[in-house]
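So the sequences go chain by chain: Y and R.
Residues in the first sequence are numbered consecutively from 220, following this note's numbering.
Residues in the second sequence are numbered consecutively from 352, following this note's numbering.
Glycine is no exception: its CB is placed at the ideal position from the N, C-alpha and C atoms.
In what follows, a structure is listed as structure tokens, so that the remarks can point back to it.
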Amino acid sequence: MGKLLVWLRRMSTSVVPVIIMAIFMLGSLWLLSAATENSGQFGRMHVTLVIVNVLGLIVLVGLIGIDAVRLVRQYRRAATGSRLTVRLVVIFVVMALVPVSIVFYFSLGFLQKGIDSWFDVRVERAMEDSLELSRSSLDMRMRDRLKQTRAIAADLRETPNAIVMFRLNELRNESGASELTLLFQSGRVIASSSADTMTIIPQKPGGSILSQVRDKHDYVGLAPIDNRGLHIRTAVQIDASAVAVDPRVLFMLYPIDARVSVLADGVQSAITQYKELVYLRDPLKQSFSFTLALVLLVTLLSAVWAAFFFAQRLVAPIRILAIGTRAVASGNYQKKLPVTRTDELGALVQSFMDMTNKVSEAQRDAQKSQHRAEREQNYLRAVLGRLSSGVITLDKNQRMRAVNAAANHILEQDMDAAMGKSLAQIEHDAPELKTFITAIAKHIDDDADDWREEITLTGFGRHKTLMCQGARLPGIKGMTSGFVVVFDDVTAMIQAQRDAAWGEVARRLAHEIKNPLTPIQLSAERLRHKYLGKMAPEDAEVLDRSTHTIVQQVQSMKNMVEAFSEYARAPKLQPSPLVLEVLIGEILDLYAGENQKIKLFVHGKESTPMVEADDGRIRQLLHNLIRNAIESLSDTPQGRVDIHLQEVKHASEHVVEIKIEDNGPGIPPDMLENLFEPYVTNKPKGSGLGLAVVKRIVEEHNGILYAENRTKGGARIVIRLPALKSDITPAAETRQTQNSG
Amino acid sequence: MAALLVFSSFALEATAATPLFTVHDAKTELVGNIYRLNANLELKLTPQALTALDNGVTLTIILDIEVYTPSRYLWDSVLASLEQRYEIQYHTLADQYLLRNINSGSQFVYSTLDAALDALGKIEQLPILDAHLLQPKEHYKVRARSRLDLGSLPVPMQLRAYISSEWWLNSGWYSWDL
């Protein structure tokens, strides 16, 4: 079954069945036309052939119908190649239809005229005339023969039946008749004589002749006798006589001269044929027209079917190509197309396949390169991600192309959001990066191949020092493909260097100064003790005052040196979980009765997380800051110190923020930068180490601090200490923070 | 083909009312060892056939005779079949009708068509079967029919004759026991 289907499918697309069908139809048509011309054995097959051809026609119509329906469906579906097939079919059909119709029209005309031309009034007249002539010529002979017969009949009247046979032979020989028969009126033969010895059964007159003769009407007529040609037949009654009781009938057959006979046969057959032809005139026309129509219809339908067949064959490679093209368009380069032909269209399909193979290879290579590039990019990204230095790359139009996590951290911005933006846009979105971006833009505009600069950012509420290095990225043919900027936050390092320097100074000062102070003090006290009582009162007063001053100042110096050494010495921290609210409450209790003029307020959430801190150091820190604030409010009429305690979520950090604000004169701008360095103070009294110690304590606790002036006037010191991880409650995490004053 | 059959059956019905070809009577008799047929046919021609005859067209009339054993199923088994062909032609010059028996080759001349058809209708002592060919205990039947042979008409007339009731001259089978 499967094999049969495959065979049928192959046959339906093969040219073989078309040729077989065409040969069959041609043969059948030839036979039909032969039969129409009435040639021998085909004449009997005419109707069969008509039926065969009509059946062939129906088969063709069926095939065309199937093809047409299929094509229409394909056209409606807008299947590939259907439009071209339709166009080709229409062209083929028109090409076949027009000439066939013209041929049909003119052939039909010629056919009708041709058949009509066979007939002519003059020919018809001539035929009738010749018939008349033949008849009149034969009429004379017939009358003679009748006379002759009558004479013989008279002769035979007296001849008895018994001996009539001999007489018949004689009479036949005398008269030149070919046959002579004597019968009863009933038709029974009495005797017969024939010139042809082969004749056994004599010719007998028919019933009508006998009845005519019985009525006393002699008969004479012409008759073709078997193979012996035209004869004159005569029949005469022989009345009853003495020798014969019953009346008898003499029936004679006379041959006609051979020459006349041939002529008469010629006239007869010509007239018969002509009459038949005239009679068949219309059927002949119809028959020929029908055959012609059938032939042309078969030809036309074959052409139409062939049109479908060849159009589909012609379009097949184009359809294949279209399918291939669509596959390529959708990215499938692996589509295998069947090459069924060896002509140019086949070569086209082959070339197309070669091309897609090449494209496929190229694409594979491109994919490989892309994978390689992606791998390298991932590798680079991983490396950049692990770098502690911030890295930013810009394209040649100064748009951000890449940024690593460290850059986000250092710049405290989500730089990933700035991807693809120009420097100007980034600056607009994040004004705190102005200094940084201005510096980078300057170097790029200067077209420096390589640059290095220390940049201080101020927009974060504190100073941040970045060490930036930039380079131009080389592109193709010396063009610039972009820029890379690498930067580190060196704030802590610089601070550490400074702190270390100060520590060293303090340690040395303490050591160098502290040593001579005690001898100085002791010497001054010895001078006073030894000479105060022995001197005159005026001198004694000078001595007393001077030694007192020396001892006091030395003591003061000692205190100062002690403070220095305190600063230089970093005592070991003893951290423990600390509730800052409680701590601040205790400290403020100490200041409660001290100064009535200045009011202290605490604002804060009750449930701020705990911090891991050294209780004593934090107390020192808060004392220093509160005292500083109170001191700064000495000239302020309604001074107040506000202490805010709150939980802050900043980037990934979770901190507790302590803000100490006053409404005093604020911090002079020139001091703001170095406020937390030793000996930076605007107070007349004090060691100048208070804020330096505060800073050290904050840093010991991994916190940060900064100072700023409030917009409403007064100073603000902000300290952020890491919250104790175990004490962060989910509720605390969701709290919103208010960061500004 | 189907269309043709439909036409034919239609034609048959149309002529069934006044059949032009009829087998009036037919008998077989055993003479010696030979079965001989005696039959009486009535043959009349339609105006179309008469016109064609008068215009020189030769008409062929066939007498079909079959000896068969009837079957309860679809087809009877035919033991012997005989086809007698007769041609009738009008001789213009002699103004006579010629009746020719194609099987025997004999030819008869008649002054009128009716005489010729009457002569044709009288079948006498026509040998049809040798008795030796028959099985003794088998039941045999004979059937006969006469018809106009359309296939012998001139080709241009054939198609028209096949689809026209005017040309459908067929007596149908007349059967009897052998």
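Which chain Y residues sit within Cβ distance under 7 Å of A466 (chain R)? G425, G426, S427
Using the beta-carbon count (16 or more within 10 Å), is Y898 (chain Y) buried or exposed? The residue in question, Y898 (chain Y), is exposed, as its Cβ has fewer than 16 Cβ neighbours within 10 Å.
Compute the distance between the beta-carbons of G909 (chain Y) and N882 (chain Y), then report whether it is under 8 Å. no
Tell me which residue opens and which closes the beta strand (DSSP E) that L480 (chain R) is part of. 473–481
Please report whether the beta-carbon of K222 (chain Y) lies at a distance below 8 Å from any beta-carbon of chain R. no
Comparing alpha-carbon positions, which option in Y:G565, Y:V234, Y:L401 lies nearest D458 (chain Y)? Y:L401
Determine the extent of the beta strand (DSSP E) in which P941 (chain Y) is found, giving its start and end residues. For P941 (chain Y), the enclosing beta strand (DSSP E) has its first and last residue at 934–941.
Measuring only between beta-carbons, confirm whether N406 (chain R) sits less than 8 Å from chain Y. yes
Determine whether the Cβ of H436 (chain Y) lies closer than 8 Å to any Cβ atom of chain R. no
C-alpha distance - D427 (chain R) paired with E434 (chain R), whole-angstrom precision: 18 Å
Going by DSSP in three states, E831 (chain Y) sits in which element: helix, strand or coil? strand
May I ask you to list, following chain order, the residues of the stretch 505–517 of chain R that have a beta carbon less than 8 Å from some beta carbon of chain Y? P505, V506, P507, M508, Q509, L510, R511, Y513
Given a threshold of 16 other Cβ atoms within 10 Å of its Cβ, counted over all protein chains shown, does N778 (chain Y) qualify as buried or as exposed? exposed
Considering just the uninterrupted stretch of the beta strand (DSSP E) at M619 (chain Y), what are its terminal residues? Here the beta strand (DSSP E) through M619 (chain Y) covers 619–622.
Within-8 Å CB hit, H532 (chain R) to chain Y: In this structure chain R extends from 352 to 529, so residue 532 (chain R) is not present and cannot be described.
Apart from the five residues just before and just after G523 (chain R), which ones in its own chain have a Cβ nearer than 7 Å to its Cβ? Within the same chain, G523 (chain R) has close Cβ partners R496.
Span separating the alpha-carbon of L840 (chain Y) from that of V913 (chain Y): 5 Å
Quick check on T379 (chain R): buried or exposed, where buried means 16 or more other Cβ atoms within 10 Å of its Cβ? buried
Take M384 (chain Y) and list the residues in its own chain whose beta-carbon comes closer than 6 Å to its own, dropping the five residues that flank it on each side. A410
Interface residues of chain R around E495 (chain Y) at Cβ under 8 Å? N406, G407, V408, P505
Express the C-alpha separation of A636 (chain Y) and K733 (chain Y) in angstroms, rounding to a whole number. 58 Å
Taking the alpha carbon of P685 (chain Y) as the reference point, which residue from Y:D707, Y:F783, Y:I490 has its own alpha carbon closest? The amino acid at residue 685 (chain Y) is misidentified as Pro; the sequence shows Leu. When only C-alpha atoms are compared, the closest one is Y:D707.
Just grab the DSSP bridge partners of H863 (chain Y) for me. Y:H822, Y:K878
Following the continuous beta strand (DSSP E) through W721 (chain Y), name the residue where it begins and the one where it ends. Unbroken run through W721 (chain Y) is the alpha helix (DSSP H), 710–750; no beta strand (DSSP E).
Does L371 (chain R) come out as helix, strand or coil in the three-state DSSP assignment? coil
For the beta strand (DSSP E) that contains E398 (chain Y), what are its first and last residues? 398–403
Note down, in chain order, all residues in the stretch 442–458 of chain R with a beta-carbon under 7 Å from any beta-carbon belonging to chain Y. Hits within the stretch, in order: H442, T443, L444, A445, Q447, L449, Q458.
Own chain residues within Cβ distance below 6 Å of R369 (chain Y), not counting five before or after: V455
Less than 6 Å between C-beta atoms, sequence neighbours within five positions excluded: which residues of the same chain meet that for A522 (chain Y)? Correct list, in chain order: A315.
For a contact defined as C-beta to C-beta under 7 Å, what are the partners of P502 (chain Y) on chain R? P507, M508, R511, listed in chain order.
Under 8 Å Cβ to Cβ from M698 (chain Y), same chain only, skipping five residues before and after it: list those, please. K615
Work out the CA separation of L807 (chain Y) and R836 (chain Y) for me, nearest whole Å. 16 Å
Chain R contact residues for A483 (chain Y), given Cβ-Cβ distances below 8 Å: L444
Taking C-beta pairs closer than 9 Å, name the residues in chain Y that Y419 (chain R) reaches, listed in chain order. Ordered by position in chain Y, no residue passes the 9 Å Cβ test against Y419 (chain R), which lies about 26 Å from the chain.
C-alpha gap between H442 (chain R) and V481 (chain Y), whole angstroms: 15 Å
For L367 (chain Y), the first and last residue of its enclosing alpha helix (DSSP H): The question names Leu, yet the displayed sequence has Gln at residue 367 (chain Y). First-last of the alpha helix (DSSP H) with Q367 (chain Y): 340–376.
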